[in-house]
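Taken in order, these protein sequences are the chains called E and U. Per my numbering, the very first residue in the first sequence carries number 4; after that it's consecutive. Per my numbering, the very first residue in the second sequence carries number 2; after that it's consecutive.
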Amino acid sequence: MSTEVQHAEPGFFRKYLWSTDHKIIAMQYLFTGMAMAMIGGYFAYVFRMQLGFPNQYVPGYGIVTPGRYNALVTMHGSIMIFWVAMPVLIAAFGNFLIPLMLGCDDMAFPRINRLSYQIFLLSVLVLLSSFLVKGGPFGGAWTSYPPLSASGAYNLTPIGATLWLLAVALEFVAFLLGGINFTVTTMNSRAPGMKMYDIPILIWMIILANVIFMASVGPLIAGAVMLLFDQTMSTGFFDPTRGGDPLLWQHLFWFFGHPEVYVVLLPAMGIVAEIIAVFSRKKIFGYKTVLYTAWAVGFLSFVVWAHHQFVAGIDPRMANIFSVTTLLISVPVTEMVFLYIATLYGGSIHLDTPMLWALAFIAEFMIGGVTGIFLGSSGTDIYLHDTYFLIAHFHYTFVPIAIIAVFAGLTYWYPKMFGRMLNETLGKIHFWGTVIPFNVIFIPLFITGIAGDQRRVYDYAQFAEQSRPALQHLRTTSTIALLVMLSFQFVFLFNFVWSLRSGKSAGANPWRSTTLEWTVPSPPPHGNFAVLPTVYRGPYEYGVPGRADDFFPQDIPD
Amino acid sequence: MSATAKPIANTRSATGIPTARLITWWVIASEIVIFGGLLASYVMHRISHPEWAESASHTLTWAGAFNTFVLLTSSLCAVLAHQAADAHNGPKAAKFLRLTSLGGLIFLCVKAYEWTIDIREGFVLSSGGFWSFYYTLAGLHGLHVLAGMIIMLIVAADAAKNRELQRVECIGLYWHFVDIVWIFLFPLLYIAR
Numbered sequence: 004m005s006t007e008v009q010h011a012e013p014g015f016f017r018k019y020l021w022s023t024d025h026k027i028i029a030m031q032y033l034f035t036g037m038a039m040a041m042i043g044g045y046f047a048y049v050f051r052m053q054l055g056f057p058n059q060y061v062p063g064y065g066i067v068t069p070g071r072y073n074a075l076v077t078m079h080g081s082i083m084i085f086w087v088a089m090p091v092l093i094a095a096f097g098n099f100l101i102p103l104m105l106g107c108d109d110m111a112f113p114r115i116n117r118l119s120y121q122i123f124l125l126s127v128l129v130l131l132s133s134f135l136v137k138g139g140p141f142g143g144a145w146t147s148y149p150p151l152s153a154s155g156a157y158n159l160t161p162i163g164a165t166l167w168l169l170a171v172a173l174e175f176v177a178f179l180l181g182g183i184n185f186t187v188t189t190m191n192s193r194a195p196g197m198k199m200y201d202i203p204i205l206i207w208m209i210i211l212a213n214v215i216f217m218a219s220v221g222p223l224i225a226g227a228v229m230l231l232f233d234q235t236m237s238t239g240f241f242d243p244t245r246g247g248d249p250l251l252w253q254h255l256f257w258f259f260g261h262p263e264v265y266v267v268l269l270p271a272m273g274i275v276a277e278i279i280a281v282f283s284r285k286k287i288f289g290y291k292t293v294l295y296t297a298w299a300v301g302f303l304s305f306v307v308w309a310h311h312q313f314v315a316g317i318d319p320r321m322a323n324i325f326s327v328t329t330l331l332i333s334v335p336v337t338e339m340v341f342l343y344i345a346t347l348y349g350g351s352i353h354l355d356t357p358m359l360w361a362l363a364f365i366a367e368f369m370i371g372g373v374t375g376i377f378l379g380s381s382g383t384d385i386y387l388h389d390t391y392f393l394i395a396h397f398h399y400t401f402v403p404i405a406i407i408a409v410f411a412g413l414t415y416w417y418p419k420m421f422g423r424m425l426n427e428t429l430g431k432i433h434f435w436g437t438v439i440p441f442n443v444i445f446i447p448l449f450i451t452g453i454a455g456d457q458r459r460v461y462d463y464a465q466f467a468e469q470s471r472p473a474l475q476h477l478r479t480t481s482t483i484a485l486l487v488m489l490s491f492q493f494v495f496l497f498n499f500v501w502s503l504r505s506g507k508s509a510g511a512n513p514w515r516s517t518t519l520e521w522t523v524p525s526p527p528p529h530g531n532f533a534v535l536p537t538v539y540r541g542p543y544e545y546g547v548p549g550r551a552d553d554f555f556p557q558d559i560p561d
Numbered sequence: 002m003s004a005t006a007k008p009i010a011n012t013r014s015a016t017g018i019p020t021a022r023l024i025t026w027w028v029i030a031s032e033i034v035i036f037g038g039l040l041a042s043y044v045m046h047r048i049s050h051p052e053w054a055e056s057a058s059h060t061l062t063w064a065g066a067f068n069t070f071v072l073l074t075s076s077l078c079a080v081l082a083h084q085a086a087d088a089h090n091g092p093k094a095a096k097f098l099r100l101t102s103l104g105g106l107i108f109l110c111v112k113a114y115e116w117t118i119d120i121r122e123g124f125v126l127s128s129g130g131f132w133s134f135y136y137t138l139a140g141l142h143g144l145h146v147l148a149g150m151i152i153m154l155i156v157a158a159d160a161a162k163n164r165e166l167q168r169v170e171c172i173g174l175y176w177h178f179v180d181i182v183w184i185f186l187f188p189l190l191y192i193a194r
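So, in structure tokens, the structure goes:
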């Protein structure tokens, strides 16, 4: 069929910008996400400098005014979640790996796939254009609570607020299109012989994430339309003086917002599962149990959202219920972590860079999980919610997901993506240079948070009851650690670019893995497989007795 | 792969459900949540604001009822189109699809007439909570009717040449969904007092 069609080599535009090839679209998502990560990281640098060294000139930015500070934190949050974590974790890895791991030549609907990226790119452009309008980008926090977000008189960024809302809505549409395509491809386009429980865990996780996303984002899309009308057409959906209800937005937002945490967590967990199996040369301990826990997480994620609203004046009886469900969800997540640790137990562990990242994910994410218990319990949450404790907790979950797991995946699949190995020494320097400062950034913030440092304050000296000069050294420590962490990212960038040309040639299967993407040349050619594979067994057959190799690829007959 | 050739991934069916029908169901599922969120917000507001019943009494119930009839009839045409496509009669399927989108056109014309009267009486998007929901819900639904019509005409153009007949069923499914949303909107916006 199509693969036999002879055709001329397409030009640059058709090959890289207008392509329907899932691998090119994956690269488009990856590089767009990396570029956005640099912008989001730059914003973190600017506002952390303001907090560490208040009201001093920030090199590369200038003086941070209160209004600018609000815009910086809003954009940092929005960009890192919607334009870094989702495109890289789900869209880039999903696009690259789903057809390869399932043994087919492309997505089921390649042109919908291309459309998905184009709408995503449009959302990026709309967001970036808000940096240029009068008033600057939106400054009403990434959660965009009305009435602050509904009125330009309150948030002082009337145009930026509307552009932000449009950009987020477009981004949702892009991920709905992409996610539906992923789901249909996985359900229908698997290689012959690949049964439901022969699908690699990462693919399961990406699909579950997409189903959770699809089931939770609808109300927020509706809410975005309502908020857009409140901003631009003087309706009063969220205005209590005109029969509206500002709490409604919080419900619509968090009904999406909390499942969203698991939308990004599950693919990260999937990446880690793949890597742990390969680098401990062991079968995943309890493959089906991993899936059951993931389903339990997915289900429970829909009944925890109001724990974000304990301080928003909800009925205390409701707060009790949501405390219980929130604590319940830690059970399946913990079970999943135990299964990963059980996989490591007795394995032949190879500490290559991807494995270091995967192990760091488990360690750091556990700190995030354990500190979450204090925020999920409504009693303690009322004290901690508006403090830096919450910031530190959030970043102990989200940095492992969006940064550590992404680096795990990138270092692991880089040879497949580009045909060459990354430099191991540079990789390890980058690893330690990221993970150690990461802890030094956020452990001080747990302490300042417990001491009472409120978030959303641009300069503590301006508020007598907030001042606490004794804590300033912790704030400064956190900022300096951030500078160190950011500067080590240049090591990664250098390694990434240098290895493209000068890295060691990778060969088809440098890690000696069993899954189908490693049976094709690196990088995979157009159409992926010369002969489409048939699958004979599950994805984690490592340490198989009675074979010359210690692994048994999925596509080799018995 | 050239622009029109389909990848092998598109032709496989591990579930036994044709890929086109499968993706249509997923699209409908995602739309259900969007309308569900908006409708749930409306219903909760409506329960806590009994005074909105006064606003609701100004809606043109007869126009809504006529539109319900139009949409249900057009859905019948969509079913007949599907039947014709199953019998590999592309031109006949195309004819019924065009009739279906004619139903959509009538629906939108009645809607435009109705909104004109509402607006002349001074009821606009920002005239109060009920009217905000009224225009938002019906407007979002109207956009779906319009999108369905356009897609249906494209599918009909292919079907007339006996191409891509599996799409006739899919657009029909989508049209039934749009129809069912209206079945929820009509009583909640026009009849509920």
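All C-beta atoms in this analysis are idealised placements derived from N, C-alpha and C, irrespective of residue type, glycine included.
DSSP beta-bridge partners of residue 508 of chain E: E:423
Classification of residue 49 of chain U by the beta-carbon crowding that lies within 10 angstroms, buried from 16 upward: exposed
Outcome for residue 204 of chain E when other beta-carbon atoms lying within 10 angstroms are tallied against a minimum of 16: buried
Bridge-paired residues (DSSP) for residue 545 of chain E: Beta-bridge analysis with DSSP links residue 545 of chain E to E:554.
Residue of E:447, E:481, E:150, E:22 minimising C-alpha distance to residue 98 of chain E: E:22
Cα-Cα separation between residue 562 of chain E and residue 291 of chain E, rounded to whole angstroms: With chain E running from 4 to 561 in the structure shown, residue 562 of chain E is simply not present.
Host alpha helix (DSSP H) of residue 167 of chain E (start-end): 161 to 191
Nearest-angstrom beta carbon gap, residue 284 of chain E and residue 545 of chain E [assumed within contact, 8 Å]: 5 Å
Cβ-based burial, residue 107 of chain E [other Cβ within 10 Å; buried from 16]: Residue 107 of chain E is buried by the Cβ-count criterion.
One or two residues paired with residue 65 of chain E in a DSSP bridge: E:61
Rounded distance between the beta-carbons of residue 252 of chain E and residue 241 of chain E, thought under 8 Å: 5 Å
Residue 146 of chain E - DSSP class collapsed to helix/strand/coil: coil
Under the three-state DSSP convention, the category residue 16 of chain U falls into: Of the three classes helix, strand and coil, the one that applies to residue 16 of chain U here is coil, per DSSP.
Euclidean distance between Cα positions of residue 81 of chain E and residue 47 of chain E: C-alpha separation (whole angstroms): 12 Å.
Entirely enclosed alpha helix (DSSP H) segments - the stretch 215 to 287 of chain E, minimum 4 residues: Entirely contained in the stretch 215 to 287 of chain E, the alpha helix (DSSP H) runs reaching 4 residues are, in chain order, 249 to 282.
Opening and closing residue of the alpha helix (DSSP H) in which residue 367 of chain E lies: 356 to 379
For residue 508 of chain E and residue 550 of chain E, the rounded distance between their alpha carbons: About 27 Å.
Local conformation of residue 517 of chain E per DSSP, three classes: coil
As assigned by DSSP and simplified to three states, the class of residue 23 of chain E: coil
Beta carbon proximity, residue 221 of chain E to chain U, threshold 8 Å: yes
Start-to-end residues for the alpha helix (DSSP H) that takes in residue 91 of chain U: Taken as a continuous stretch (DSSP letters only), the alpha helix (DSSP H) holding residue 91 of chain U covers 91 to 121.
Contact list for the stretch 159 to 191 of chain E against chain U, Cβ threshold 7 Å: Here the close residues are 179, 183, 186, 187, 188, 190, 191.
Endpoints, the alpha helix (DSSP H) within which residue 158 of chain E is located: 155 to 158
Residue 9 of chain E burial status per 10 Å Cβ neighbour count (16 or more: buried): Its pLDDT being 49, under 50, residue 9 of chain E is placed unreliably in this model, and the value from its coordinates should be taken loosely. Flag for residue 9 of chain E reads exposed.
Short CB-CB distance (under 8 Å) between residue 488 of chain E and chain U: Not a single C-beta of chain U is nearer than 8 Å to the C-beta of residue 488 of chain E.
Backbone CA spacing between residue 117 of chain E and residue 520 of chain E [nearest angstrom]: Whole-angstrom Cα-Cα distance: 21 Å.
Cβ-Cβ distance between residue 272 of chain E and residue 369 of chain E below 8 Å: Contact flag unset, no.
Residue-level contact to chain E via CB, residue 178 of chain U, 8 Å cutoff: no
Beta carbon proximity, residue 52 of chain E to chain U, threshold 8 Å: no
Sheet register partners of residue 457 of chain E (DSSP bridge): Answer is E:390.
Given 8 Å, three or more beta-carbon pairs between the stretch 188 to 197 of chain E and the stretch 164 to 172 of chain E: no
Any chain U beta carbon closer than 8 Å to residue 217 of chain E: For residue 217 of chain E, the answer is yes, since a Cβ of chain U falls inside 8 Å of its Cβ.
Cβ contact (3+ pairs, closer than 8 Å) linking the stretch 211 to 228 of chain E and the stretch 35 to 46 of chain U: yes
Any C-beta of chain U under 8 Å from that of residue 505 of chain E: no
Assigned secondary structure, residue 478 of chain E (DSSP; H/G/I helix, E/B strand, else coil): helix
Where residue 77 of chain E sits in the DSSP three-state scheme: helix
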